[in-house]
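Participant:
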Amino acid sequence: MLIEVMKSKIHRARVTQAELNYVGSITIDEDLMDAANIIANEKVQIVNNNNGARLETYVIPGERGTGTICLNGAAARLVQVGDIVIIISYASMTPEEAKAHRPTLVFPDDNNKLIQ
Numbered sequence: 001m002l003i004e005v006m007k008s009k010i011h012r013a014r015v016t017q018a019e020l021n022y023v024g025s026i027t028i029d030e031d032l033m034d035a036a037n038i039i040a041n042e043k044v045q046i047v048n049n050n051n052g053a054r055l056e057t058y059v060i061p062g063e064r065g066t067g068t069i070c071l072n073g074a075a076a077r078l079v080q081v082g083d084i085v086i087i088i089s090y091a092s093m094t095p096e097e098a099k100a101h102r103p104t105l106v107f108p109d110d111n112n113k114l115i116q
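Start counting the sequence shown at 1; every next residue gets the next number (the UniProt record's numbering).
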């Protein structure tokens, strides 16, 4: 049996853009992606702290060092620029693997830059 557990999380990132007329996804600064061990096209859950909306989408890489967090397509209707979101990725593991697993947690600053 496999269970889904949190693989990684970008905690309290600020939405920098919302692009309704885009094919869909979330664009994330590649620096944040690398720090959180999230790869292009990976499925993620987005939790909006401002309005409680929760959605799933896939990741596309954004330009490094820009702090970009952009919700695209229909997801753009669930956020406002400036909203605070939590971005969570999950992995399927056996219960034994899950007990030993330690998720990667990233806590960016107010400009979505990595805190050293």
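Backbone N, C-alpha and C define an ideal beta-carbon position, used for all residues, glycine too.
1) Ignore the nearest five residues each way along the sequence and tell me which others in Tyr-90's own chain have a CB closer than 8 Å to its CB.
2) Would you give the residue range spanned by the beta strand (DSSP E) that Pro-61 belongs to?
3) Please identify the residue among Ala-98, Met-1, Leu-71 whose C-alpha is closest to the C-alpha of Asp-29.
4) Candidates Met-1, Lys-9, Leu-2: which alpha carbon is nearest Leu-105's?
5) If I measure Cβ to Cβ from Ile-86 and keep anything under 8 Å in the same chain, skipping five residues before and after, which residues do I get?
6) Which same chain residues, not among the five before or five after Asn-111, have their C-beta less than 6 Å away from its C-beta?
Facilitator: Taking the definition as stated:
1) Your numbering for residue 90 matches position 90 in the sequence shown. Excluding positions up to five away in sequence, the list reads Glu-4, Val-5, Met-6, Lys-7, Lys-43, Gln-45.
2) Numbered from 1 along the sequence shown, position 61 holds the residue referred to as residue 61. Element bounds for Pro-61: 54 to 62.
3) Position 29 of the sequence shown, counting from 1, holds the residue named residue 29. Selected option, being the one with the closest Cα: Leu-71.
4) Numbered from 1 along the sequence shown, position 105 holds the residue referred to as residue 105. The candidate whose alpha carbon is nearest that of Leu-105 is Lys-9.
5) As a working mapping, residue 86 is identified with position 86 in the sequence shown. If we look at Ile-86 and ignore the five residues flanking it on each side, its Cβ neighbours are Lys-9, Ile-10, His-11, Arg-12, Ala-13, Ile-46, Val-47, Asn-49.
6) Position 111 of the sequence shown, counted from the first residue, corresponds to residue 111. Contacts found: Gly-67.
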